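Participant: Going down the list, the sequences are from chains W and R. At position 33 of the first sequence (counting the first as 1) the number is 32 in numbering that gives the first Met the number 0, and the numbers step up by one without a gap. At position 43 of the second sequence (counting the first as 1) the number is 42 in numbering that gives the first Met the number 0, and the numbers step up by one without a gap. From the three backbone atoms N, C-alpha and C, an ideal C-beta is built for every residue, glycine too. On a predicted model such as this, the values are computed, not experimentally measured, just so you know.
2 protein chains.
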Amino acid sequence: MIVEPSLDEILVTPLKQIDTPGGDIFHGIKAMDAGFSGFGEVYFSWINFQAVKAWKQHRRMTMNLIVPVGNVRFAFYQESEDIFRTETIGQDNYCRLTVPPKIWFGFSGVFMPKSLVTNVANLSHDPHEVLRKDLNDISYLW
Amino acid sequence: MIVEPSLDEILVTPLKQIDTPGGDIFHGIKAMDAGFSGFGEVYFSWINFQAVKAWKQHRRMTMNLIVPVGNVRFAFYQESEDIFRTETIGQDNYCRLTVPPKIWFGFSGVFMPKSLVTNVANLSHDPHEVLRKDLNDISYLW
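1) So, do the stretch 75–93 of chain R and the stretch 118–125 of chain R have three or more beta carbon pairs nearer to each other than 8 Å?
2) Can you give me the C-alpha to C-alpha distance between residue 130 (chain W) and residue 57 (chain W), rounded to a whole angstrom?
3) What's the C-alpha gap between residue 48 (chain R) and residue 82 (chain R)?
4) Alpha carbons only, please: which of R:136, R:60 and R:2 is nearest the one belonging to residue 37 (chain R)?
5) Output needed for residue 92 (chain W): all residues of its chain with C-beta closer than 8 Å, excluding positions within five of it in sequence on either side, in chain order.
6) Note down the Cα distance separating residue 76 (chain R) from residue 33 (chain R), rounded to an integer number of angstroms.
7) Tell me whether residue 46 (chain R) is buried or exposed, calling it buried when 16 or more other Cβ atoms sit within 10 Å of its Cβ.
8) For residue 26 (chain R), count neighbouring C-beta atoms within 10 Å of its own C-beta (all shown protein chains included) and say buried if the count is 16 or more, exposed if not.
9) Decide if residue 52 (chain R) is buried, meaning its Cβ has at least 16 other Cβ atoms within 10 Å, or exposed.
10) Give the single residue among W:101, W:128 and W:111 whose Cα lies nearest to the Cα of residue 2 (chain W).
11) Name the DSSP bridge partner or partners of residue 55 (chain R)?
12) Rounded to the nearest angstrom, what separates residue 64 (chain R) and residue 96 (chain R) at their Cα positions?
13) Can you name the start and end residues of the beta strand (DSSP E) that residue 20 (chain R) belongs to?
14) Quick check: what's the CA-CA separation for residue 66 (chain R) versus residue 94 (chain R)?
15) Hey, quick one: how far does the beta strand (DSSP E) through residue 88 (chain W) stretch, first residue to last?
16) Where does residue 122 (chain W) fall in DSSP's three states?
17) Under 7 Å Cβ-Cβ, which residues of chain W neighbour residue 44 (chain R)?
18) From W:22, W:72, W:99 and W:117, pick the residue whose C-alpha is nearest to that of residue 8 (chain W); which is it?
19) Can you find a C-beta in chain R that's less than 8 Å from the C-beta of residue 60 (chain W)?
20) Closest by CA to residue 12 (chain R), which one among R:111, R:35 and R:24?
21) Thinking residue 14 (chain R) and residue 68 (chain W) are a contact (beta carbons under 8 Å), I'd like their distance in whole angstroms, please.
22) Three-state secondary structure (DSSP) at residue 115 (chain W)?
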């Protein structure tokens, strides 16, 4: 039985950037939004230009990923089919990615000097639900 | 009867910045943390250097404010006592501010070119629960 979700189950939701005197308002996620699946933690991950953080898989966490600063290329890997999906989001393509558990993922900074990934996760950090592979364990041209 | 909370009820919680290859991890808030009071929305508010956004009061929203980019001076005003409290948080003093409802607040960017405020709120945006005053309605030296 294959429990790995299809990469089609990753949602891409365009978000509003609202022009506001003194500094713009950028939407993130509301409890009523598609893709929200409970609240466990919000944290931030900086990614330096041309750096790569890969590969991880969450066994139980659904991630909601928003990039308010810079631009980040995310790669997703479906092991059972040996296929990839790439999505680049950030200030120039301001969307939220909803990533179900059990998908291998990595990401790379494509903005100088660095980009900020915000993860609104349905679980608090738990090292026991994270699987890791080395960068070169999955062949992908970053 | 005074329903206005004391300014002492604003919590300041130091947060971790974790040195990580490729880009640091910055903590935000976990569901189990002191100050968390439910999830309604995450949104971002940019604040330009020397810009001021003031004054607002939420009637029902508890804000959890985190500044992963730049530095922001927040001012809080207790009308019944005519007193202020100021807290400057951001990348150089990386803390979370938990602000109960019914406190007047405003904020100013003290970092060039701009700073990013993240609000993890217990309610989704509802214009009916927001009170506003003009900048000059409350006398404060920004």
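Facilitator: On the basis of the data shown:
1) They do not touch, by the three-pair rule.
2) Roughly 6 Å separates the two Cα atoms.
3) Separation of residue 48 (chain R) and residue 82 (chain R) (C-alpha to C-alpha, rounded to the nearest whole angstrom) is 25 Å.
4) With respect to the C-alpha of residue 37 (chain R), the residue from R:136, R:60 and R:2 having the closest C-alpha is R:60.
5) Within the same chain, 70 come within 8 Å of residue 92 (chain W) by CB-CB distance, once the 5 residues on both sides are set aside.
6) So the alpha carbons of these two residues sit roughly 23 Å apart.
7) Residue 46 (chain R) should be labelled buried.
8) Buried: at least 16 other Cβ atoms inside 10 Å.
9) Buried: at least 16 other Cβ atoms inside 10 Å.
10) Residue 2 (chain W) has its Cα closest to that of W:101, out of W:101, W:128 and W:111.
11) As a beta-bridge residue in DSSP terms, residue 55 (chain R) pairs with R:104 and R:131.
12) Cα to Cα, the separation comes out at about 5 Å.
13) DSSP places residue 20 (chain R) in no beta strand (DSSP E); its state is neither H nor E.
14) If you draw a straight line from the Cα of residue 66 (chain R) to the Cα of residue 94 (chain R), it comes to about 8 Å.
15) Element bounds for residue 88 (chain W): 82–89.
16) Here DSSP, grouped into helix, strand and coil, assigns residue 122 (chain W) to coil.
17) Proximity of chain W to residue 44 (chain R) at the Cβ level (cut-off 7 Å) is accounted for by 22 and 24, in chain order.
18) Among W:22, W:72, W:99 and W:117, the Cα nearest to that of residue 8 (chain W) is on W:99.
19) Cβ-Cβ to chain R under 8 Å: no for residue 60 (chain W).
20) For residue 12 (chain R), the nearest C-alpha among the options comes from R:35.
21) So it is not a contact: roughly 17 Å between Cβ atoms.
22) In the structure shown, residue 115 (chain W) sits in a strand (DSSP, three-state: E or B).
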